[in-house]
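Contents: one structure, followed by commentary.
Numbering (full-length UniProt numbering), first residue to last: 1 to 1195.
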């Protein structure tokens, strides 16, 4: 049976009507907000208060309409329609006739639906004229106009047809995926039976378009849940439309792919010919011709999904080998592939496990004092006591801050202890684990006071008053360097200790820990007994090896079996069921030893397994997807995939998620972690970045952690509340944008003037005010300010909801004796002003002129012709490091050369004699700083804004130390690192590199060499090393401007942490004529948003003001650093203020910004004992309080 036209297939949707409708647009799905949004109609009036209507992102939204208004097309929909479909939609008469036809057809169908006719829809469809062009009767009741209008609406950008294509690609059912599957089969056939890959005929249709999962997925994305049954099956009324959409789109994609197939075959043959010639001649011209041929083939290979297949990859590597032979050493050779990694799990022998358990019982448990011998704290306990109304830096530990170390251990049920259970006993237990002992001796793992406090605060939250209640998750947000790792190890060890005690004989088990009696919380995560389950620590892949090392360092050998979960450690699909796999060997075939197993899982591996096992979510922009995410429910498993042996089929006692801010976007990794969290009894996230960019990130993180107030009905209610707040704030912005911007500029100018001690009558104030106003004339700055203003109330809600689960301390936090929790040397931040020379200024001017031309083009309503804002910033950053980077990249684009082929030649002509003239001013400024500190122990060098050295600068003398200083040079981009490396090599400075192009073994070797080799004094590091590293061997950090203030904090935290003996200097490289100042303002804005979430008693005007770049063009703006207790300008996140520099380049704290809110709208106060906003929460039935059940023997 031939397929109907797309517009004709939509008429089958009237089968879903109930018969009681009074007009066609009252019938489903035409009355549903999801379908109206997809097809481009204005929302209905009755949906005005319905938060499912996704109108927040529609800048031309004009209101709502009624079903009686008929075909009411949204202005935004018309703007998104391609030009060839646009004329009928600009013709009001054509729209009116199309509307009349819909009404005529609906009335005819209603009449034909009367009994006894069996298939009324087919009867009514036969009354329509043919779909062929110029067919007789095509103007029948406006049918021709209906076809033209609907064709435009269906094919609009991000519309119905686009969504059908997305579904096919997502489920790997597009023509390109079908052909790719055939190629895999073809390669696996015997050699005599194989045929050319390009001989495959791409048919116009395929049976996969009729598969139930594809059809149901598309139906839900177009029509919502009304189109499927409770079991997820497509309803028959929607099948004709869905089938037609899929088949028609497949036919269109197949037609395009056939053309790409022919071109791919042709360009591949051309590349082979050019490659053969290049192999023979080995000249740059021949290689450039081969490179151009490869780029031509790549264009079609992408469309044909060939880029990851052997035929393409082998040819690309062969070309790189030829380039490398001509002297391009940075291009990877075929032999440089990473070797196959062996298992890195650490599974102790049975004897080692037995010895560790014997030590735990005989030495650790028996050495504990009686609870009666130590004072037991009797403080009132409530998690609603978390300080959000004063300026206390610490969060989540207020009820413990006055307890001594002995009282903390006693409160955990470990009186007299100095270590966590199963900790490394070492040769002594008297010093903190981070201190250094004798060479070759393994140090005892003794936590600091604040680390024991943090572990207890997290663990006691997991205990509940009633059976069936869910333990509260925690968000461990300690500043960098305070030891989140040992706290997570302690949490896992404590919960295992409580499990082991319940398994012992009743007469030998330890008493109930006082916190459980005091809080009346005897049930671990609502369970009567703690089960025998493994624990899991989830981290980015770059930190996995460090986690293995830290676990070995902090725990006794044999105490735990550490099992890696990574793509290079074996198959993921049978991880827990493979009897020869690491997990089964560690836990035992019957999993009897699961309690002692800790799985260290890479987020990337979890993402891959999630992609295999879990159902894909609805489109992110759809209202269905947003509401589904608001519920916080873990994704469903795919019906066709077996989960036996999968990590997602396991249950865990503790799930710890390191660097959990990386899950702020709801991708495959976040879905997988959310599934693991839902299967875990205690969930703890660890990050120094609790809020990275916007409120949506934190909401996603809260749902991944399974925070109750952001899941289920409360999660939906809070989501709706935030949507309503955003719409209200959006209306305020739309009506008062100019006043808000002027107020922001005025307040910022007054704050800067106050910090600089400039009077408002001083002419200098007018200049400051003009600079602040000019900043907000920027389109990008206005967008940032608008987004921040609209999000204010949402941030306030999230602070109230998420703050109760946060455990937060800073380097300025004090212990029970009023002393800093960490006694670190000071850290000082300085600005290294590096003015550009004439050549560099000229390149910057060219980039600026190009950007102005693009902005003018954009304001004229046309598409940008050359570069966008992001590309502008990238070009500025490249040119600030070396002007030739921008020039050579432009030549590569013009001449269509291999990316990087010219840029990599910049340093080829550098020698020891000409390096001073060939290197850029910024590179030489970096070397000037290094040279200053190279010999002896001098006072820090300070620069004036013109780049000269500040003479007689008043600085504290450095701490005495005989060892020479080492340097950490942070450089984001590979091409920049290569130039710095070549400069250091020519200057005779021994150094190492640490970046993402190196495998884990090479990175570890670089760290060891930098730490232990006295001659190796410089490490050039990328953002791969900004988290999880311990680089206390360095004491001078040189940083190029970064995108995020939190990134700056992480970098400095690698150096300024326990084990650092010297005062630390952090130099921010700033060119006053470049984009560096703006970038620094942007990065401080991101860090300030994170700080403002944790801060108390701060109005949110400061949040959006600081997000919108807190430095003007005349500010010297030092970067925010992670400062120590005695630092000259230490970081104090909960009360962060704007910073400027004095004439010596040192940071000084200025007066606080004006806190008057533009909208004069107060943040609603937090309700006692509740974290959500005005939404009632059903009470669970109470269970009677029983003895502390986890410690009662099962028998």
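Beta carbons: idealized from backbone N, C-alpha and C, even for Gly.
From residue i to residue j, what does the alpha carbon distance come to, in whole angstroms?
i	j	result
residue 1040	residue 1068	6 Å
residue 396	residue 809	9 Å
residue 647	residue 600	12 Å
residue 989	residue 918	17 Å
residue 27	residue 110	12 Å
residue 247	residue 205	6 Å
residue 700	residue 631	11 Å
residue 417	residue 447	11 Å
residue 786	residue 730	8 Å
residue 424	residue 970	34 Å
residue 1038	residue 991	14 Å
residue 1197	residue 360	The displayed coordinates of the chain run from 1 to 1195. Any statement about residue 1197 would go beyond what the structure contains.
residue 1234	residue 128	Not covered by the structure: residue 1234. The range shown for the chain is 1 to 1195.
residue 401	residue 803	18 Å
residue 535	residue 791	37 Å
residue 835	residue 924	11 Å
residue 514	residue 413	6 Å
residue 419	residue 445	7 Å
residue 654	residue 563	15 Å
So for residue i, helix, strand or coil by DSSP?
i	result
residue 993	strand
residue 652	strand
residue 389	With a pLDDT of 28 at residue 389, under the threshold of 50, the modelled position of this residue cannot be trusted; read the value that follows with caution. In the structure shown, residue 389 sits in coil (DSSP, three-state: anything other than H, G, I, E or B).
residue 120	helix
residue 102	helix
residue 688	coil
residue 13	helix
residue 828	strand
residue 82	coil
residue 448	coil
residue 643	coil
residue 530	coil
residue 547	helix
residue 321	helix
residue 675	helix
Return the residue from the list the options that minimises the CA-CA distance to residue i.
i	options	result
residue 42	23, 16, 70	70
residue 526	933, 231, 680, 81	680
residue 463	400, 403, 530	530
residue 1073	922, 542, 757	922
residue 146	276, 10, 265, 127	10
residue 1065	981, 830, 938	830
residue 365	495, 670, 895, 509	509
residue 801	754, 721, 817	721
residue 639	214, 293, 980, 1048	214
key: Contained beta strand (DSSP E) runs [length at least 3] in the stretch 949-979, N- to C-terminal order   = 967-970
task = Just list the alpha helix (DSSP H) runs in the stretch 186-240, keeping only unbroken ones of 4 residues or longer that don't cross its boundaries, in chain order.
result = 212-223
query = Can you list the alpha helix (DSSP H) stretches of 4 or more residues lying completely in the stretch 239-302, in chain order?
reply = 239-281
task = May I ask you to verify whether the stretch 928-945 touches the stretch 991-1000, counting CB pairs closer than 8 Å and requiring at least 3?
result = These segments do not touch.
inquiry  = If contact is defined by three or more beta carbon pairs under 8 Å, each pair taking one atom from either stretch, is the stretch 114-127 in contact with the stretch 156-174?
reply    = no
inquiry  = Taking 8 Å as the cut-off, does the stretch 1049-1063 touch the stretch 825-836 (at least 3 CB pairs, one atom from each stretch)?
reply    = yes
key: Cβ contact check for the stretch 491-509 and the stretch 706-713: 3 or more pairs under 8 Å   = no
query = Do the stretch 277-286 and the stretch 245-261 touch if we need at least three Cβ pairs shorter than 8 Å?
reply = No, the stretch 277-286 is not in contact with the stretch 245-261.
message = Whether or not the stretch 598-612 and the stretch 548-561 are in contact is what I'm after, with contact meaning three or more pairs of Cβ atoms, one per stretch, closer than 8 Å; do they touch?
response = yes
ask   = Three or more beta-carbon pairs under 8 Å between the stretch 571-582 and the stretch 639-646, yes or no?
value = Yes, since at least three Cβ pairs between the stretch 571-582 and the stretch 639-646 fall closer than 8 Å, the two stretches touch.
message = Between the stretch 558-565 and the stretch 344-357, can you find at least three pairs of beta-carbon atoms closer than 8 Å?
response = These segments touch.
request  = Evaluate contact between the stretch 605-619 and the stretch 178-196, counting only Cβ atoms and requiring at least three cross-stretch pairs below 8 Å.
outcome  = no
request  = Would you check if the stretch 228-239 and the stretch 250-266 touch, i.e. whether three or more CB-CB distances between them fall below 8 Å?
outcome  = Two segments are said to touch when three or more pairs of C-beta atoms, one from each, lie closer than 8 Å; by this definition the stretch 250-266 does not touch the stretch 228-239.
message = Is it the case that the stretch 971-988 contacts the stretch 899-913, given that we only count it when at least three CB pairs across the two stretches are under 8 Å?
response = Yes: at least three Cβ pairs fall under 8 Å.
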